[in-house]
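Trainee: Each residue of the sequence shown is one higher than the one before, starting from 8 at the first, in this note's numbering.
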Amino acid sequence: DAPFEKIVGVSSGLDATVMINKDDITNSPKGMVKVPISNIKTGIDLRDEHLRSKDWLNAEEYPYAVFHLKGIKNPSSKKLVNGEKVKATLVGTFSVHGKSQEIEVPAQLTYFKESEQTKARTEGNLLVANAEFSIKLSDYGVKVPMMVVGKVNEEVKISTNFVASDANGGMSPCSACNPCGTKQMEGKCNPCSMKKANPCNPCAMKKG
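#1: Rounded to a whole number of angstroms, what is the C-alpha to C-alpha distance between K41 and D55?
#2: Helix or strand or just coil, what does DSSP make of K120?
#3: Closest to S172 by CA distance: which of H75, T125 and K85 is it?
#4: Are the CB atoms of N132 and E121 within a distance shorter than 7 Å?
#5: I'd like to check one pair, K164 with S141: are the Cβ atoms closer than 7 Å?
#6: May I ask which residues mark the beginning and end of the beta strand (DSSP E) holding L53?
#7: Return the chain-ordered list of same chain residues with a C-beta closer than 6 Å to the C-beta of D31, the five sequence neighbours on each side being excluded.
#8: Which class does I27 belong to by DSSP, given the choice of helix, strand or coil?
#9: Output the distance between the C-alpha atoms of G148 and K94, rounded to the nearest integer angstrom.
#10: When you compare the CB positions of L43 and L76, do they come within less than 7 Å of one another, or not?
#11: Between the C-alpha atoms of A23 and K48, what's the straight-line distance to the nearest angstrom?
#12: May I ask you to report which of helix, strand or coil DSSP gives N46?
#13: Helix, strand or coil, according to DSSP, for K126 in the structure here?
#14: What three-state label does DSSP hand S102 in the structure shown?
#15: Straight-line CA distance for G90 to N28?
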């Protein structure tokens with residue numbers, strides 16, 4: 008928000024990846040949401056150019072704003088049930104303009120089991136996420152240019168909404184030969200590595 012007007016920036020092309028256990032969302036969730044700075048539109052082309060410039064977010068050198076999910080705490084329910092909303096706090100790192108800060112984000116998660124209605128959007132079980140948080144530009148090394156001091160607020164509110172599908176992996180609790188998705192996996196029970204895999208830990212990155 009600016010003192011005299013509300014400036015809304017909208018970005019398309021959001022890229023999100025989420026790995027979450029729907030039976031216990033606090034059990035080692037991981038994820039990433041990446042937004043191209045160059046895609047942010049405020050409704051005024053000249054203002055968009057200033058936003059992307061070196062004086063502001065410097066999209067050429069730092070092309071993305073990224074949130075890395077590291078944990079989920081204080082959920083209203085640990086289990087995702089079809090159609091029921093779960094409020095929780097997402098814990099992770101937000102990075103923009105070459106700087107990163109640990110943040111906590113209030114969010115609402117809603118799980119939808121695949122149905123004819125959800126297939127109209129995309130295949131697979133769906134996870135709808137809505138979140139809103141605020142950042143201070145100075146925390147990320149962004150200085151408000153003198154020409155707009157007093158017109159642009161130091162604090163920026165960020166809202167995000169996305170839909171994730173497990174059609175190609177993600178969200179499912181561990182299963183014998185398909186740790187990442189709901190569809191039957193072909194071939195050996197080791198989609199990520201050349202080494203012998205623990206079926207619940209194919210990449211051997213974390214204790215399974």
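For glycine and all other residues, C-beta sits at the position ideal for the given N, C-alpha and C.
Mentor: Reading it off the structure:
#1: 19 Å
#2: coil
#3: The option with the nearest alpha carbon to S172 is T125.
#4: Against a cut-off of 7 Å, the Cβ pair of N132 and E121 comes out as a contact.
#5: yes
#6: From DSSP, L53 is part of no beta strand (DSSP E) but of the alpha helix (DSSP H) over D52 to R59.
#7: K85
#8: coil
#9: Cα to Cα, G148 sits roughly 31 Å from K94.
#10: Here residue 43 turns out to be Pro, not Leu, going by the sequence shown. No. Outside cutoff.
#11: Cα atoms of A23 and K48: separation of roughly 19 Å, rounded to the nearest angstrom.
#12: helix
#13: helix
#14: strand
#15: 16 Å
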